[in-house]
Each structure stands twice: as C-alpha cells, then as structure tokens.
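K.L.:
In the numbering used here, the protein residues as written are 2 to 231.
Note that CB positions come from ideal geometry on N, CA and C, so glycine has one too.
Note that this is a predicted model, so its numbers are computed, not measured.
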C-alpha cells in the first residue's frame, strides 16, 4: 500500500471488522483500527482490496491477524474478520470528515473541497416483491438507499456550516437528460447502469465504460459546483 505511483497522494481503502464493528482502514501512509491502533506490518494491496470488496452476500469475510501499536506505545496482536467497507461507510466519506481527532484515528485530512463520484444506480425501478427472497433483496436496497442519502446529506451539512468550502458529487446513475452540458461522446447511462455486482472478471470494454463515464460526469458537474462556491 505504501508504493504509491503519484507522490503526495494518500490512498485509503476501508474494510469493516465484524468482530468489533469498527472500520479497518488500509492506507498508503498508515493502516489501523480505532479500537486497536496502528498496524505495524506492511499491507499488500491484494489484502486491502480483498477485504474492501468482500461483499457479504457473495464473498466470505477475510480473517487476518495483525500487530497493532496502541496509542500508549505497546504492541499487541489482534485478529480481525474483514468484510466489505461499504457495510460501515459505503460512500467512504467518514474518513474525510472535518475535525477528526488524532486520538481516535490515524487518518486526518484537512480538505477545503471534496470531489466524490458515487457508483450508485440512482432511482430504483418500481417493483412489488411478494416472496421472501424478493422482499429481503428489496429491504436491503431500501436500507442501503437511505444510508446513502444520509451520507450525501453530510456533504451538504459540512458545506453549509463552513467546515469545508464546498463539494462536487456525481453518480454513475445520473440521468443523461438532466446533465447541464454533456459531452458529445458521453458514455450513456444505459451502458453502465445494469452492470452486475457478481465479482466476475471485468472486461476491458466495461472497465473503460465505467471509468470514462465517471470522469465525464465529474468534468460536467464540477464547473457548476465551483461557480456556487465562488
């Protein structure tokens, strides 16, 4: 994780420890958990990604033992059971919250402006599930949607209170006809909105469609957000 390709760039991947229900953050500068302290061993990108993406419904949790250095200076090994970081914070915004205390986290960032690209689908299609699996799936989607709404609201609260200067937010499921000035070669919503969460190998075409649309959306909405900051 320490081998970043761009000097000065901090990378943080968040996993959820099912044992403590705390976040375990793997970072290019530091890794750790608020309950245990800082991880002393080097962290491989593969470990961080496997933990970060262990979607509970499809993939097993990752059990690992790390040596943690506590804030009082002593070190101790703890075993964590890691699953998808989205269980704890799906948008990954909590690590960027202004005013975080160094007594509780290794990751503190004084950011005046936050740029966030959300892979959310946008408005869900109308469904009326009557059987158990359909009801459970729809219930999970509802809880997830409201958690996302709450996380997005935090951005507005931070900006309104002056804790940050402003933010820009785009999500892959934005409707194309609502974009203020879409580029001529815009990757359409239909090309990415139905991409499945099945962890199968991603084709180059799908990878390019998702990443290109994300960049296009952000470049489209960013000037609008910047004007509102000025």
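Suppose you measure from the CA of residue 97 to the CA of residue 181; what does that come to, to the nearest Å?
P.N.:
Roughly 28 angstroms separates the two Cα atoms.
K.L.:
With contact counted as at least three CB pairs below 8 angstroms, one residue from each stretch, are the segment 36-44 and the segment 68-86 in contact?
P.N.:
A contact exists between the segment 36-44 and the segment 68-86.
K.L.:
Return yes when the Cβ of residue 165 is within less than 9 angstroms of the Cβ of residue 193, no when it is not.
P.N.:
Going by C-beta atoms, residue 193 is not nearer than 9 angstroms to residue 165.
K.L.:
Grouping DSSP H, G and I as helix and E and B as strand, with all else coil, what is residue 169?
P.N.:
Residue 169 falls in the strand class under three-state DSSP.
K.L.:
Please classify residue 108 as buried or exposed, where buried requires at least 16 other C-beta atoms within 10 Å of its C-beta.
P.N.:
Counting Cβ neighbours within 10 Å, residue 108 comes out buried, since at least 16 surround it.
K.L.:
Excluding the 5 residues preceding and the 5 following residue 149 in the sequence, name in chain order all residues of the same chain whose CB lies nearer than 8 angstroms to its CB.
P.N.:
Excluding sequence neighbours, residue 149 sits near 91, 92, 119 and 121.
K.L.:
Applying the criterion that 16 or more other CB atoms from any shown protein chain within 10 Å of the CB defines a buried residue, is residue 5 buried or exposed?
P.N.:
Exposed, because fewer than 16 other Cβ atoms sit within 10 Å of the Cβ of residue 5.
K.L.:
From 167, 95 and 215, pick the residue whose C-alpha is nearest to that of residue 115; which is it?
P.N.:
It is 167 whose Cα lies nearest to the Cα of residue 115.
K.L.:
Can you tell me the Cα-Cα spacing of residue 82 and residue 55, whole angstroms?
P.N.:
If I take the Cα positions, the gap works out to 11 angstroms.
K.L.:
Tell me whether the beta-carbon of residue 23 lies closer than 9 angstroms to the beta-carbon of residue 110.
P.N.:
No, the pair does not count as a contact, with Cβ atoms beyond the cut-off.
K.L.:
Under 9 angstroms between the Cβ atoms of residue 221 and residue 184?
P.N.:
Cβ distance < 9 angstroms, so residue 221 and residue 184 count as in contact.
K.L.:
To the nearest angstrom, report how far apart residue 127 and residue 136 are at their CA atoms.
P.N.:
Looking at the two C-alpha atoms, the distance is approximately 13 angstroms.
K.L.:
Taking all protein chains shown into account, do 16 or more other C-beta atoms lie within 10 angstroms of the C-beta of residue 200, making it buried, or fewer, making it exposed?
P.N.:
The residue in question, residue 200, is exposed, as its Cβ has fewer than 16 Cβ neighbours within 10 Å.
K.L.:
Would the beta-carbon of residue 84 fall within 9 angstroms of that of residue 17?
P.N.:
Cβ atoms of residue 84 and residue 17: closer than 9 angstroms.
K.L.:
Kindly indicate which three-state DSSP category residue 271 falls into: helix, strand or coil?
P.N.:
Since the first residue shown for the chain is 2 and the last is 231, residue 271 is missing from the structure and cannot be characterised.
K.L.:
State the DSSP-derived secondary structure class of residue 161, mapped to helix, strand or coil.
P.N.:
Three-state DSSP puts residue 161 in a helix.
K.L.:
May I ask you to list the residues that DSSP assigns as paired with residue 64?
P.N.:
Residue 64 is bridged to 82.
K.L.:
Grouping DSSP H, G and I as helix and E and B as strand, with all else coil, what is residue 107?
P.N.:
Three-state result, residue 107: coil.
K.L.:
DSSP on residue 117, reduced to helix/strand/coil?
P.N.:
Three-state result, residue 117: strand.
K.L.:
Using the C-alpha atoms, what's the distance from residue 2 back to residue 37?
P.N.:
Their backbone Cα atoms lie some 20 angstroms apart in a straight line.
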